[in-house]
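Residue numbers for the sequence shown follow numbering that gives the first Met the number 0, so the first one is 0 and each next one is one higher.
Cβ coordinates follow ideal geometry from the N, Cα and C atoms, glycine included.
Note that the structure is a prediction, hence the values are computed from the model and not measured.
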Amino acid sequence: MQVAEAISARRARRTLDTRPISDDIVKELVEAMRLSASCNNSQPWRVVIAKDNDSLALVKSALSKGNVWATRSPLILVVAAKSDDDCRLSDNRDYYLFSTGLAVGQLVLRATELGIIAHPIAGFNPIEAKKLLEIPNDHVVITFVICGYLGTDESLLSDKQRELEKNRPERKSVGENFFNGKWGVPLTI
Ligand SMILES: Cc1cc2nc3c(=O)[nH]c(=O)nc-3n(C[C@H](O)[C@H](O)[C@H](O)COP(=O)(O)O)c2cc1C
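Written out as structure tokens, the structure reads:
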């Protein structure tokens, strides 16, 4: 699959199959994060991989109600990082979240190429997650990446989530986010 195809095929789907994901695939996903760029190669991401029933149960117990669809997942990556582990530069440029986000981006595209949904979420209780997984308190639990093969059982989805499965949500027009030459001048391409 070309990168452009993976970018276009990737979607935050929620209809998961409970079928397990092999360790060979987990290895590929780990490698996709390992090779990611980071400020000064600091590699600030720390990832707890939940793939056995006990650790999955712990992670799932920290999910927000709106993410009950994720309880069907056979593989969840709990991604954490701390500020001290990456560049801290002038004008509030604290790079740990950026570097970790880039690594998750690579993981998500590689998963897409392998035919797997990798859906990052923010809807969980981070304090509970830290306690249950023994993540040190000075780390921020940034996201859970919910992984799974696409399934057909939509029973855990809300009506709105069921609707969202059909089409990718709308994007802003280019000129709202992208500027031509200086701030505020909409790019027109
Ligand atoms: C940082 C982040 C947090 C998100 N949190 C949730 C979440 O808690 N629950 C959920 O169902 N989707 C979550 N999503 C998925 C977004 O809703 C989704 O990416 C967005 O609506 C665009 O849809 P698309 O990814 O299918 O293009 C999150 C995505 C990101 C990047």
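By the neighbour-count definition (other C-beta atoms within 10 Å, threshold 16), residue 126 is an exposed residue.
Contact between the segment 82-101 and the segment 64-73 is absent, with fewer than three C-beta pairs closer than 8 Å. A distance criterion of 7 Å places the beta-carbon of residue 66 in contact range of ligand 1, judged by its closest non-hydrogen atom.
In the three-state DSSP reduction, residue 78 falls in the strand class (E or B). Restricting attention to 84, 179, 180 and 155, the CA atom closest to the CA of residue 37 is found in 84. 146 is the residue among 133, 146, 78 and 68 whose C-alpha sits nearest the C-alpha of residue 108. Judged by beta-carbon spacing, residue 117 lies within the 8 Å limit of residue 144, meaning their Cβ atoms are closer than that value.
In the DSSP assignment, residue 100 falls within the unbroken alpha helix (DSSP H) covering 95-112. Considering only 28, 114 and 59, the residue with the shortest C-alpha distance to residue 150 is 114. Residue 33 counts as exposed, since fewer than 16 other beta carbons sit within 10 angstroms of its beta carbon.
Rounded to the nearest whole angstrom, the CA to CA distance from residue 57 to residue 11 is 23 Å.
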